[in-house]
Structures are given as C-alpha cells and as structure tokens.
Amino acid sequence: MRLLIVDDSNMIRTRISRVVQSGGIKGVVLAGLARNGAEALRIARAVRPDVVTMDLTMPEMDGIECIAALLKFDPSISILVVSALSDKSTAIKALKLGARGFVAKPFTDEELQIALLDVADGR
Amino acid sequence: MARLNDTDLKLFIDSIRNYLKVTTRQEPQITSAFLGTGQIEGFEFNGLVTFSGSHNGNIIVSMPDKLVREILLLQHETDLGDSNLLDAVGEIANTLAGNARKALGAELQISVPVKTQGSDAIQTRVRKHPYVITLRWNHYEAMVCVDMDRAD
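Right, dumping it as structure tokens:
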C-alpha cells in the first residue's frame, strides 16, 4: 500500500516516514510527502496513494478541505488524521467527512503504528 | 476581555510537560510560572501560534538551539540545521495550541505557526503582562509564554 504523508512540519513528516520505513508497518511503503493540502492533491494525482496521514492546521489548504477534496478524487483512499486539534468535535468532523482514524499529537511511535495498521487493514 | 484563570494556565503547563514526556520520554521540570511584568528575554528559537475566536492572543515556545537539537536527535532526525530547528519549535507551539482546544473549546481558532530566530522574539510579540512558564529539560532551560484573553 502506498502512503502519502501530509503535514506542514518537516519534523512530523520525517518521523512518520521513519516509522514506516523502519518496517514498522507491514505492507505500507512511502509514496510521497506533502507540506499542505494543495500539494497533497497534486501529489495524490501522481502517486495514487492508498493511505494518507493528514495534519489539519496547514497553510494554503487545511486538512479538512483536503480530506473532502481527496475523497472526491478517490473515495477509496484511507485517511488517518494526525493532528494537535484533539478536541472531540474536530475528530467527529474529520470522521464524518470520511477519515478512517485519528491520532492526536503528541503521539508515540507505537500509537502511530497501531493507528496506521488499523486504517490500512480496514481497506 | 477576561484574563485566563489558574485552570487555563495549568493546561498549558500540563501540555508542555506531556509533549516532552511523550516525544522524548523525559518529562521536564517546571521551574516557575509567573506573570511577566518587564522585559522578557527568550531563547534563540521561537515558535508562535496566534489564537482567535473564543480567545485572543498567542502562545510562544522559546528554546535554545541545544535543546531543540536534542529533541530532534531523539526522534532520529539527521537534519540539525537552523531551518529544521525553527520547524521543530513551530511544531511544538502548534501542538500546545491545538491541544488547548480540548479544554478551551472548539471555538478556539489557531493559526499556522510562525517561526522566528532571536532572543527578542518574545519581547516584540507579547503585550504587557503575559504568563511565563519556565522549564528545564535535560539540563537546558526553555520557556513557554502564554499571552491570551477570553474574548467576551
């Protein structure tokens, strides 16, 4: 399965990449990195990801708008929200839009692995 | 506009404590929490997030280069240049601000982080009396400055 990581923080993009590339998530390979929602859409059209990790607070296009746009482009994409906006209403909003899971920042590698596996397995 | 109360402030103290505990497995020591009344000198790397909606103001995470580098090294990051250090403090500020919504409500809007280099960043960005939280993590000092009011 191809993974696209979407986050405006290089630290987070690198961290999620490392967790995936260290073999922590079987069957998932890194396909692309995006710094905001607009970039994510451009990359998604090129690499056709199966799974996307999505930050919510980003410049240019935020995560909520991007989730809607990505799922309109390809409803089969599994989206895991990875965000500091850990209030219940934000999580519900993302899930109602079609995200399959939510990990609140700060997160441990183990929490990320479990959430990614859940979202990837749910396909 | 109403100032923050003790409970509001405690959530930011708990939040920076939790952030470092989860990401580095080392909890910081909170060395003081006070209402700043004079010139506040921060550290070289600063991440600022602006609040709007239910509250107005900002939060600034201010850290020295050595502390930020250690945080990155513990996350197996190899790029320890200034740009990446700025990215890291911005992300920490973003996390603290985002986590605040859980307690302060979803009407709290947060900006994308602004990152600045230079110890005068706090002085130039805060109003008269921000709340200052000082901490020590792995022998390094750092600061979180909370300058916000409830919007009535």
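Protein chains in written order, with this note's numbering: chain A, 1 to 123; chain B, 1 to 152.
The beta carbon of each residue, even a glycine, is placed where N, CA and C say it ideally should be.
Keep in mind the model is a prediction, meaning the values are calculated, not measured.
Burial state of residue i, where buried means 16 or more other Cβ atoms lie within 10 Å
| i | result |
| --- | --- |
| T78 (chain B) | exposed |
| P49 (chain A) | buried |
| T31 (chain B) | exposed |
| S86 (chain A) | buried |
| K10 (chain B) | exposed |
| T53 (chain A) | buried |
| K102 (chain B) | buried |
| V82 (chain A) | buried |
| S9 (chain A) | buried |
| R15 (chain A) | buried |
| H76 (chain B) | exposed |
Beta strand (DSSP E) segment containing residue i, residue limits
| i | result |
| --- | --- |
| D149 (chain B) | 140-150 |
| F107 (chain A) | Per DSSP, F107 (chain A) belongs to no beta strand (DSSP E) and is neither H nor E. |
| Q109 (chain B) | 108-110 |
| A31 (chain A) | 29-34 |
| G47 (chain B) | 45-53 |
| R2 (chain A) | 2-6 |
| I79 (chain A) | 78-83 |
| I30 (chain B) | 29-35 |
Chain-ordered chain B contacts of residue i [CB-CB under 8 Å]
| i | result |
| --- | --- |
| D87 (chain A) | R101, K102, G105, A106 |
Within chain A, partners of residue i - CB distance below 8 Å
| i | result |
| --- | --- |
| I72 (chain B) | In the sequence on display, residue 72 (chain B) carries Leu and not Ile. Within chain A, the residues near L72 (chain B) are M11. |
| D87 (chain B) | S9, N10, M11 |
| G81 (chain B) | In chain order: nothing, as chain A lies at least about 10 Å away. |
Amino acids of chain B, ordered along the chain, whose beta-carbon sits closer than 7 Å to that of residue i
| i | result |
| --- | --- |
| D8 (chain A) | V112 |
| R15 (chain A) | Q75 |
| T108 (chain A) | V22 |
| L53 (chain A) | Just to set this straight, residue 53 (chain A) is Thr in the shown sequence, not Leu. The contacting residues do not exist; T53 (chain A) stays about 14 Å from chain B at best. |
Amino acids of chain B, ordered along the chain, whose beta-carbon sits closer than 9 Å to that of residue i
| i | result |
| --- | --- |
| S76 (chain A) | The premise fails here: S76 (chain A) is roughly 29 Å from chain B at the closest Cβ pair, so nothing lies under 9 Å. |
Residue i - DSSP class collapsed to helix/strand/coil
| i | result |
| --- | --- |
| T78 (chain B) | coil |
| L135 (chain B) | strand |
| K153 (chain B) | The requested residue 153 (chain B) does not occur in the structure, where chain B is confined to residues 1 to 152. |
| M11 (chain A) | helix |
| K66 (chain B) | helix |
| R3 (chain B) | strand |
| K26 (chain A) | coil |
Extent of the continuous alpha helix (DSSP H) to which residue i belongs
| i | result |
| --- | --- |
| A125 (chain A) | In the structure as shown, chain A begins at 1 and stops at 123. Residue 125 (chain A) is therefore absent and cannot be evaluated. |
| L20 (chain B) | 6-24 |
| T124 (chain B) | 121-125 |
Listed by chain order, chain A residues near residue i by CB distance under 9 Å
| i | result |
| --- | --- |
| Y19 (chain B) | K105, P106 |
Query raised in the report: Are the segment 80-98 of chain A and the segment 29-49 of chain A in contact at 8 Å, needing three or more beta carbon pairs?
Result: no
Query raised in the report: Any contact of the segment 41-52 of chain B with the segment 88-99 of chain B, i.e. 3+ C-beta pairs under 8 Å?
Result: By the Cβ rule, the segment 41-52 of chain B counts as touching the segment 88-99 of chain B, because three or more pairs are nearer than 8 Å.
Query raised in the report: Contact between the segment 114-124 of chain B and the segment 65-82 of chain A: three or more CB pairs below 8 Å?
Result: no
Query - Contact between the segment 33-40 of chain B and the segment 101-109 of chain A (3+ Cβ pairs under 8 Å) - result: no
Query - Inter-stretch contact (C-beta, 8 Å, three-pair minimum) for the segment 134-141 of chain B and the segment 81-89 of chain B - result: no
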